[in-house]
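Visitor: Below is a structure I'd like to ask you about.
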Amino acid sequence: MTRQHSRAWFGLLVILCPVFLVSMDGSILFLAMPRISQALTPTADQALWILDVYGFAVGSLLVAFGTIGDRYGRLKLLMIGATVFGVGSAGAAFAPSPELLIAFRALMGLAGATLLPSALAVLSELFTDPRRRAQAIGVFAAAFAAGFAIGPVVGGILLERFPWGSVFLVNLPVIAVFLALAPVLLREVRATGRGRVDVLSVALSAAGLLLAIYGIKHAAADGLSVVAVSAGITGSVLLVWFARRQRGLDHPLVDFSLFRDRVFTIAIVTGLLPLAAWSAAAYLSGIHLQSVLGLPVLHAALLALPGAAVLTIMCVATPALVDRVGKRAALAVCHFSIAAGLALLLMTGVTGGAGWYVASTVVAGVGYGISFSVVADTAVAAVPAERAGAAGAIAETSNEIGNALGIALMGSLAALVFRLAGPDVAPTLGETLEIAPTAALDAKEAFVAGLHTAVAVLSLLHAGLGILALRWLPQSAKALVPQASA
């Protein structure tokens, strides 16, 4: 029995390799973008695509690959996904143009969508004892959160000594270890009782998201045009078609009827909005620290450490916090602390603000850590037991989509403010500083205005969600235990 337990825990460590990489690659570019922009000179909307196409690919394909893994084998899909992730990482590291970098990031996102649900399923097979399984899933969640949190730090440390491609090449040794050990320590997992993947739904959701976001980004960076409006309208129509199609499917990718439950809705929005706030604030703050304040990339990375530490600690401590105060209070603390932390970024300026940035990440880190830990459990507990799988899949997807939407929407809002308030030399701060150094002060002030606008919107949204959590969620934590099957 001891030998079996040891094998299971070693297997968990192997599973955490791709999980950690998938989450870390959602944030590792936040401090690397100024360096990448210097090397590849992407346009404003290309820079945003480099950052968020990865999250959109993971989020839009996560549920589909979960079903594919159930039918054809989780371990097999893990091995294929890890290999593709390695190929995408190598291609991204040596991409000679923004277009190719975007393409390889999309390939990495596709691979990431195969890894997360399959890793969790294989993990559940390793631990048959419910108590051990709960501990293992807790470690899984903490590793996923830690990857998001330290991604910018790892990126900053690598960029201090190596070219920008190193933020992708760091994935390759970890992938190699996983591919060598996974066949030895992990077992194949299949579940043949689930329905087929509706390919049209996958295509509608992915194409609708990408086209709608493309329209928003294009309009923010370059103004309204036929291309931007057409893309936005087409994407919206595809998303509406996707939502309507789900109602008639026996096995929908997204079961929208679950959103009739207020507790479930609060949980899913709590999975989406904090990730959106965290990714947007981290990305825009990274540019502020380096391009506005002129801090070296390693210095900027070290400033992110306190917030990353708080976030990780809160991921581990949240179960005990929930036991003590209940999920209603914990979710309220989550949103109000994020709102307060984001508001601290309003104190940053052209000549200073590094201290306010650290304070912001520490205060908001409390809320981010709670959201990572409590969302899936709350979502699953809010629905009948037979619908727990669908609820868990939506919770996972909300995290990834939130990460991508934060950069896409808030990055576009900041770009719009920069275009309207800036010196009208170039669409991005980096290009403006390179082309017209005499306009540096005006450009930096315009960027800071964009940063302030984005974090103010996010802060207000979180404050509003905190109020809704207090009004909609039941007083007693016992009201959030899983319901019996109908």
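If you read the sequence shown in the numbering used here, its first letter stands for residue 1267, the second for the next number, and so on.
Just so you know, even glycine gets a beta-carbon here, dropped at the ideal spot from N, CA and C.
1) Check whether the segment 1712–1722 touches the segment 1600–1613, taking contact to mean three or more Cβ pairs, one atom from each stretch, closer than 8 angstroms.
2) With a CB to CB cut of under 8 angstroms and the five nearest residues on each side skipped, what residues in its chain are close to S1496?
3) Can you list, in chain order, the stretches of the alpha helix (DSSP H) that have 4 or more residues and sit fully within the segment 1471–1520?
4) Excluding sequence positions up to five away, which residues of its chain have a Cβ less than 7 angstroms from the Cβ of S1363?
5) Under DSSP, the alpha helix (DSSP H) around E1454 begins and ends at which residues?
6) Mapping DSSP to helix, strand and coil, what is D1311?
7) Please classify F1296: does DSSP put it in a helix, a strand, or coil?
8) Quick check on G1666: buried or exposed, where buried means 16 or more other Cβ atoms within 10 Å of its Cβ?
9) Could you tell me which of L1475, F1351, V1450, L1671 sits nearest to L1392, measuring between CA atoms?
10) Can you grab the Cα-Cα spacing for the pair L1445 / L1344, in whole Å?
11) Leaving aside the five residues before and after D1589 along the sequence, list all residues of the same chain whose C-beta is less than 7 angstroms from its C-beta, in chain order.
12) Using C-beta distances below 6 angstroms, list every residue in its chain close to L1282, excluding the 5 sequence neighbours before and after it, in chain order.
13) In whole angstroms, give me the CA-to-CA distance for A1596 and M1299.
14) Taking the continuous alpha helix (DSSP H) assigned at I1673, which residues delimit it?
15) Would you mind reading off the limits of the alpha helix (DSSP H) that contains D1589?
16) Can you find the residues in the same chain that come closer than 8 angstroms, C-beta to C-beta, to S1491, ignoring five residues on each side of it along the sequence?
17) Please list, in chain order, all residues of the same chain as A1323 whose beta carbon is under 6 angstroms from its beta carbon, the five residues on each side excluded.
18) Measuring only the C-alpha atoms, how far is A1566 from G1619?
19) In three-state terms, what does DSSP make of D1464?
20) Take I1701 and list the residues in its own chain whose beta-carbon comes closer than 8 angstroms to its own, dropping the five residues that flank it on each side.
21) How long is the line joining the alpha carbons of A1570 and V1563, rounded to whole angstroms?
22) Buried or exposed: which applies to L1519, given that a residue is buried once 16 or more other Cβ atoms fall within 10 Å of its Cβ?
23) From F1713 to F1296, what distance separates their C-alpha atoms?
24) When burial is assigned at 16 or more other CB atoms within 10 Å of the CB, is E1454 buried or exposed?
25) CA-CA distance, A1543 and N1669?
26) Using CA coordinates, which residue listed in A1661, A1442, S1678 is at the minimum distance from D1488?
27) Considering V1719, what are the terminal residues of the alpha helix (DSSP H) in which it resides?
28) Starting from L1550 and walking both ways along the alpha helix (DSSP H), at which residues does that stretch end?
29) Is the segment 1503–1511 close to the segment 1628–1644, with three or more CB pairs under 8 angstroms?
30) Taking buried to mean at least 16 other C-beta atoms within 10 Å of its own C-beta, is V1465 buried or exposed?
31) Given A1313, which residues of its chain have a CB within under 7 angstroms of its CB, disregarding the five upstream and five downstream residues?
32) For V1628, which three-state DSSP category applies?
33) Return the residue from the list V1629, W1622, G1688, C1600 that minimises the CA-CA distance to G1730.
34) To the nearest angstrom, how far is it from the Cα of D1395 to the Cα of E1365?
35) Please say whether A1661 and V1629 have beta carbons closer to each other than 9 angstroms?
Guide: Looking at the coordinates:
1) yes
2) G1481
3) 1492–1512
4) L1306
5) Note, E1454: premise wrong, no alpha helix (DSSP H); not H, not E.
6) helix
7) coil
8) Strictly speaking, residue 1666 in this sequence is Glu, with Gly absent from that position. Burial call: buried.
9) V1450
10) 9 angstroms
11) none
12) Sequence-distant partners of L1282 (beyond 5 residues in either direction) whose C-beta falls short of 6 angstroms from its own C-beta, in its chain, are A1409.
13) 34 angstroms
14) From DSSP, I1673 is part of no alpha helix (DSSP H); its letter is neither H nor E.
15) Residues 1571–1591.
16) H1484, A1485
17) A1372, G1375, L1376
18) 12 angstroms
19) coil
20) V1691, A1692
21) The alpha-carbon atoms of A1570 and V1563 are separated by roughly 11 angstroms.
22) That one is buried.
23) 16 angstroms
24) exposed
25) 8 angstroms
26) When each option's Cα is compared against that of D1488, the closest is S1678.
27) Going by the sequence as given, residue 1719 is Thr instead of Val. Here the alpha helix (DSSP H) through T1719 covers 1706–1738.
28) 1528–1553
29) At 8 angstroms Cβ cutoff, the stretches do not touch.
30) Answer is exposed; the Cβ neighbour count stays below 16.
31) M1299, S1303, T1694
32) Helix.
33) C1600
34) 48 angstroms
35) Against a cut-off of 9 angstroms, the Cβ pair of A1661 and V1629 comes out as no contact.
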